[in-house]
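The next block holds one structure in the form of C-alpha cells; read it before the comments.
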Amino acid sequence: MLAPPLQRLVTELSKLPGIGNRTAQRLAFHMLRTSEQDAFALAEAIRDVKLKITLCEICFNLAEGPRCTICLDERRDLSSLCVVEEAQDVIPIERTHEFRGRYHVLGGALSPIDGVEPEDLRLSQLYARMDGVREVVLATNPTTTGEATALHIAAALHERAPDVAVTRLASGLPVGGDLEYADEVTLGRAFAGRRAL
Amino acid sequence: MRYGEADRILHLYTPDRGRVSAIAKGVRKAKSRFGGRLEPFFQLNLVLYEGRSDLMTVTSVETIAAYPRLREDAAALDGAARACEAVARLFDDGEPHAGVYHLLANELALLNREPQRAGRANSLAFRLKLLLAAGFAPHLAACASCGEREHLVGFSGAAGGVVCGACEASAFPLAEEAHAFMVAALGRPLAETPEAPPLALAQAERAITETLEHHAHLRLRPVGTR
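As you go down the protein sequences, you meet chains A and B in turn.
Residue 744 is where the first sequence starts when you use my numbering, and the numbers rise one by one after that.
Residue 114 is where the second sequence starts when you use my numbering, and the numbers rise one by one after that.
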C-alpha cells in the first residue's frame, strides 16, 4: 500500500521497543513532513551513536573513545567506587550530585532463573580495581536480582579486599509517595533505617 | 521480565489456576501503587483482569507474606529461586495443584524463618516432594523392577526407583546413606530435612535428575554443592 521507501521506514521503526505498526506509520509520516535538515540530523545522530559509542575500558560506562568522561575527570574521587547494573543507571546517580567517585558497570544482575551467572557479569574486572579504593557503594537495583548481586559482591569483597568498606544504597519511601501504598519490605526497611531529627 | 518503559510481565503460581502470566503496568516506577510487592518470592492476594489476550492485568495487590529475611541472605535467595524455577518447569500453565502451591509457600516461609537451612539438602528435599506431587516419586521401599525388599544397591531412573543387585543393569550405585536421605526427605516436613554426607547428596541429586529426565523429560539446574 505504501511506497517502498516509506514502507521500509515503517518496518524499521516498528522494530523499536514499544513501537507498534500504527505508531511507526505516524512517525514515518511525521518524518516525511519534517524538513530535510531535521530528518538528516536524526539519521546522522543514529549513525554517529553506532559508530562512535563504545564501552569505557575502565568502568564499562558508555564512552566516546577508550575512556568515559567520568574516568577522564581527574577531580573524581579515586577511593570511592559505585557499582551499577547498567550504563543508564549512572545518569540518575550523577543527577543527584551526591557521589563524586567513579563507577563500575556490571552489565546486568545475577539471575539464576534467566541463566545469568557470576561469570556473565564484569565481576573480575571489578575485583581487579580495588587498589586505592576505600569504599564500594553497591547501587544495584532494589529488586530480587539486584539484591542477590549485591550480596554476592559484598561476600566476595569481604574475602578479597577486607579493608574496603562495602555499602549499599538505603531502601525507603519515595519522596511524595503515600505510606498507604508502601509495601511491607520497603516500609520495614524504612523503619529499620530511620534517622534522628 | 521487564516490559516496555515501566511494566513487568510476571509469572505467578496460584492454587486455583496453576501457573499464570500477568502484566503489571507501571510497576517499575518508584511511586507505583504496587510498591515492591510484585518482586519474586512474595505470597499475595491478587486481583487480575482477564481480557481477550492470554496475559491478565494486575489491578490490585495485597501481601499475605513478604518473606523479608530471605531477601538478605544469598543462599536463601538462591534456594528460593531454584524452588520457583522447579515449580515453573515441572508444572505447565493451567495445571492447578494446591499441594504444590502450599509446598512452595512452606519452602519460602522456611527459608525466611531459618535462612541457614538453605543449601543442597533443602533443595533436594523440595525437589523430591515436588516429584511426589507431580506423580513421579521414585520407588524407595522395594526394588522398582522386581519388588525385592532387601539388597537395594542401585537407582534406575528408567525403572523409577531403587533396584536390587539382580536388577541393577541400567542403574548407578546408591549408597545406604543416600537411600536413607531420600526416604527421610520424602517422609518428613521440609523443616526436618536431615543432613547427609556430600556423596550421598550427590547420589540423591543424580537419582532425582534421572527420574525427571526419564519421566518428565526435563533437566533442572544442579542444586550446587553447599
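Quick reminder that beta carbons are idealized off the backbone N, C-alpha and C, glycines included.
Using a Cβ-Cβ distance cut-off of 8 Å, determine whether residue i contacts chain A.
i	result
residue 191 of chain B	yes
residue 138 of chain B	no
residue 165 of chain B	no
residue 267 of chain B	no
residue 149 of chain B	yes
residue 285 of chain B	no
residue 179 of chain B	yes
residue 104 of chain B	Missing from the structure shown is residue 104 of chain B; chain B here goes from 114 to 339 and no further.
residue 317 of chain B	no
How is the beta strand (DSSP E) around residue i delimited, first residue to last?
i	result
residue 206 of chain B	Here residue 206 of chain B belongs to no beta strand (DSSP E), and DSSP marks it neither H nor E.
residue 777 of chain A	Careful: residue 777 of chain A lies outside any beta strand (DSSP E) and carries neither H nor E.
residue 131 of chain B	131-137
residue 158 of chain B	156-162
residue 277 of chain B	274-277
residue 798 of chain A	796-798
residue 910 of chain A	908-911
residue 267 of chain B	265-269
residue 801 of chain A	It is not in any beta strand (DSSP E) - residue 801 of chain A carries neither H nor E in the DSSP assignment.
residue 125 of chain B	120-127
With a threshold of 8 Å on Cβ separation, who are the neighbours of residue i within its own chain once the five nearest residues in sequence on each side are excluded?
i	result
residue 925 of chain A	916, 933
residue 204 of chain B	126, 131, 132, 210, 213, 247
residue 169 of chain B	133, 134, 135, 136, 161, 162, 163
residue 202 of chain B	331, 333
residue 182 of chain B	189, 225, 226, 228
residue 899 of chain A	866, 870
What residues from chain A crowd round residue i, counting only those whose CB sits closer than 7 Å?
i	result
residue 176 of chain B	926, 927
residue 154 of chain B	887
residue 187 of chain B	891, 894, 895, 898
residue 194 of chain B	855, 856
Run through chain A and tell me which residues come within less than 8 Å of residue i, C-beta to C-beta.
i	result
residue 334 of chain B	855
residue 204 of chain B	Those do not exist, as residue 204 of chain B stays about 15 Å from chain A at its closest Cβ, beyond 8 Å.
residue 184 of chain B	887, 890, 928
residue 222 of chain B	Here the premise fails: no neighbours, minimum Cβ distance about 15 Å.
Whose Cβ in chain A lies nearer than 9 Å to the Cβ of residue i?
i	result
residue 228 of chain B	Correct list: empty, because the minimum Cβ distance to chain A is about 11 Å.
residue 131 of chain B	Those do not exist, as residue 131 of chain B stays about 18 Å from chain A at its closest Cβ, beyond 9 Å.
For the alpha helix (DSSP H) that contains residue i, what are its first and last residues?
i	result
residue 321 of chain B	311-324
residue 807 of chain A	It is not in any alpha helix (DSSP H) - residue 807 of chain A instead sits in the beta strand (DSSP E) that spans 805-807.
residue 867 of chain A	866-870
residue 824 of chain A	Careful: residue 824 of chain A lies outside any alpha helix (DSSP H), inside the beta strand (DSSP E) at 820-827.
residue 694 of chain A	Lying outside 744 to 940, the shown extent of chain A, residue 694 of chain A is not represented and no answer is given.
residue 292 of chain B	289-300
residue 240 of chain B	233-247
residue 837 of chain A	833-839
residue 215 of chain B	211-226
residue 923 of chain A	Looking at the DSSP string, residue 923 of chain A is not in any alpha helix (DSSP H), and its letter there is neither H nor E.
residue 932 of chain A	927-935
residue 756 of chain A	747-756
residue 814 of chain A	812-815
Which residues in chain B have a C-beta closer than 8 Å to the C-beta of residue i? List them in chain order.
i	result
residue 917 of chain A	143, 144
residue 852 of chain A	Residues of chain B passing the Cβ test: none, with the nearest at roughly 11 Å.
Establish whether the CB of residue i and some CB of chain B are separated by less than 8 Å.
i	result
residue 829 of chain A	no
residue 901 of chain A	no
residue 931 of chain A	yes
residue 913 of chain A	no
residue 898 of chain A	yes
Is residue i close to the ligand PLP? I mean its beta-carbon at under 7 Å from any heavy atom of the ligand.
i	result
residue 838 of chain A	The ligand PLP is not among the ligands present in this structure, which contains no ligands whatsoever.
Excluding sequence positions up to five away, which residues of its chain have a Cβ less than 6 Å from the Cβ of residue i?
i	result
residue 114 of chain B	122
residue 283 of chain B	269, 271
Short of 7 Å in beta carbon distance, which residues of its chain neighbour residue i, apart from the five on each side in sequence? Order them along the chain.
i	result
residue 252 of chain B	273, 274, 275
residue 218 of chain B	156
residue 747 of chain A	none
Cβ closer than 7 Å: which chain B residues qualify as neighbours of residue i?
i	result
residue 920 of chain A	144
Under a CB-based cut-off of 8 Å, is residue i close to chain E?
i	result
residue 152 of chain B	Structure shown: chain E not included; protein chains present are A and B.
Item to check | beta strand (DSSP E) runs contained entirely in the segment 168-206 of chain B, provided each spans 3 or more residues | outcome: 169-178
Next on the checklist: Runs of 4 residues minimum, wholly inside the segment 842-909 of chain A: which ones carry the alpha helix (DSSP H) assignment?
Outcome noted: 866-870, 887-903
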